[in-house]
Amino acid sequence: MADPARARKMADRIKVIVAKRLERGLRDPRLGFVTITDVKVTGDLQHASVFYTVYGNAEERADSAAALKAATGMLRSEVGKNITARLTPSLEFIADAIPENAALIDDLLREARERDTEVGELARTAKYAGDEDPYVKPREYDEDDEDDEDEDETPAPSTHAHTEDPAS
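For the record, in the sequence shown the residue sitting at position 156 is 156 according to the working numbering, with numbers rising by one throughout.
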């Protein structure tokens, strides 16, 4: 198992090597405008996943994927010449979904902004269904009312009558 720092360094180096080689061009006319976004190398340094994006429509992306698959052996040879490892890792090209994900997130954020605007407009023009303050508050009595209540209150007769048993 290699050091994770070494695997990271090798991934960075592979990214630069493959990007420079693609910049110089391949003889394959199917290859479009390809950008290498990231490279991940396994812990044993035997396999490298190269992530890329292609500028263009779905057909151009498919053509570029086929061109990269066809050029994998040549690109691996190029990597082997330019790294200082005992074994050259195998290369796998994976289309990166960053542009599609970014477009989807932009659409979702736009839709959320529109809904927030609609809700804000509804809230601004909304009217209460009942009272403005629906919470029950304690009653407030006037001082005159308290005096009247004291006079009206008379002690109620008790319902329990204690009768003493004459026998006791």
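For every residue, glycine included, the Cβ atom is placed at its ideal position computed from N, Cα and C.
For clarity, every value in this text was computed on a predicted model and none was experimentally measured.
Within its chain, find whatever has a CB closer than 6 Å to the CB of residue i; leave out the 5 residues flanking it on each side and keep chain order.
{"i": "GLY56", "result": "GLY32"}
Roughly how far, in whole angstroms, is the beta-carbon of residue i from the beta-carbon of residue j, given that I think they are within contact range, below 8 Å?
{"i": "ILE14", "j": "ALA48", "result": "5 Å"}
{"i": "ALA7", "j": "GLY43", "result": "6 Å"}
With a Cβ-Cβ cutoff of 8 Å, do residue i and residue j count as a contact?
{"i": "ARG76", "j": "THR84", "result": "no"}
{"i": "ASP3", "j": "ALA71", "result": "no"}
{"i": "LEU22", "j": "VAL39", "result": "no"}
{"i": "VAL50", "j": "ARG61", "result": "no"}
{"i": "MET74", "j": "LEU45", "result": "no"}
If I measure Cβ to Cβ from residue i and keep anything under 7 Å in the same chain, skipping five residues before and after, which residues do I get?
{"i": "ALA19", "result": "ILE36"}
{"i": "ARG115", "result": "none"}
Practice problem: Inspect the CB distances between the segment 105-114 and the segment 74-89 and report whether three or more fall short of 8 Å. | Solution: With contact defined as three or more Cβ pairs closer than 8 Å, the segment 105-114 and the segment 74-89 are not in contact.
Quiz item: Quick check: the segment 88-99 against the segment 56-73, are there 3 or more CB pairs under 8 Å?
Solution: With a cut-off of 8 Å, the segment 56-73 and the segment 88-99 count as touching, because enough Cβ pairs lie within range.
Quiz prompt | Segments assigned beta strand (DSSP E), at least 3 residues, entirely inside the segment 77-104 | solution = DSSP runs (the beta strand (DSSP E)) wholly in the segment 77-104: 90-95.
Exercise. Quick one: which unbroken beta strand (DSSP E) runs of 3-plus residues sit fully inside the segment 7-71? Chain order, please.
Key: Taken in chain order, the complete beta strand (DSSP E) segments of 3 residues or longer contained in the segment 7-71 are 33-41, 47-55.
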